[in-house]
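Residue numbers are given in this note's numbering: position 13 of the sequence shown equals residue 9, and the series is strictly consecutive.
Please read the structure below before turning to the comments.
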Amino acid sequence: MLKLTLRPRERVVVNGCVIRNGDRRQALTVENRADIVRESDLLKPDAESTPVSKVYFLVQTALIRPDTRDQIMPMIQQGLADLACCFGAEMRTRIMEAANFVSMSDFYKAMSELRAVLKYETELMQLRPIAPTHSHEAAHA
């Protein structure tokens, strides 16, 4: 059983169906297994495209569009395998956990694991290259 508390006008996707809450805070109880994700956990189609966000978007598509799962599952698996080769131990563990959840068709938990990798990737992309020091340049002159 899952209890969802929705903020006013918050959207949630349940088994591919978009549901928007009204003007008041509401609580819903889901009593059986369903694919559920809040709008805030979804990447927008026009979001910046990075290696992790591409895989995350595929996983979210599998979650909200069950009719596409058979077609995109090979792309998800290949994307996760590619990502596992690019990161250190901590992020690789999260990627492998995401792959495990994908294999069990638990796409929401896969997205949860990938959110940490997405955050880490964003932090990496914000790093700037270190400018060479003058002593290093003088040594090559």
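We treat Cβ as the ideally placed atom computed from N, Cα and C, and that holds for glycine.
As the structure is a computational prediction, the values presented were derived from the model and not from experiment.
Work out the CA separation of residue j and residue i for me, nearest whole Å.
i	j	result
Arg5	Asp37	15 Å
Ile9	Arg16	Rather than Ile, the amino acid found at residue 9 in this sequence is Val. C-alpha separation (whole angstroms): 9 Å.
Leu54	Ile60	10 Å
Leu2	Phe103	21 Å
Leu95	Lys105	It should be pointed out that residue 95 corresponds to Ala in this sequence rather than to Leu. Taking the straight line joining both Cα atoms gives about 10 Å.
Asn28	Ser101	16 Å
Ala58	Gln73	12 Å
Gln122	Tyr116	10 Å
Leu120	Gln56	23 Å
To the nearest whole angstrom, what separates the beta carbons of residue i and residue j, a pair I think is in contact under 8 Å?
i	j	result
Asp31	Pro62	7 Å
Leu(-2)	Val26	4 Å
Leu76	Val98	7 Å
Apart from the five residues just before and just after residue i, which ones in its own chain have a Cβ nearer than 7 Å to its Cβ?
i	result
Met80	It is Ala, not Met, that sits at residue 80 in the sequence shown. Once the five neighbours on either side are set aside, the close Cβ partners of Ala80 are Arg88, Ile91, Met92.
Val14	Arg7
- Would you check if the stretch 31 to 46 and the stretch 66 to 76 touch, i.e. whether three or more CB-CB distances between them fall below 8 Å? The stretch 66 to 76 vs the stretch 31 to 46: no contact.
- Uninterrupted alpha helix (DSSP H) stretches inside the stretch 0 to 84 (no shorter than 4 residues): 47 to 60, 65 to 80
- Validate contact between the stretch 50 to 57 and the stretch 20 to 29 using beta carbons, cut 8 Å, 3 pairs: no
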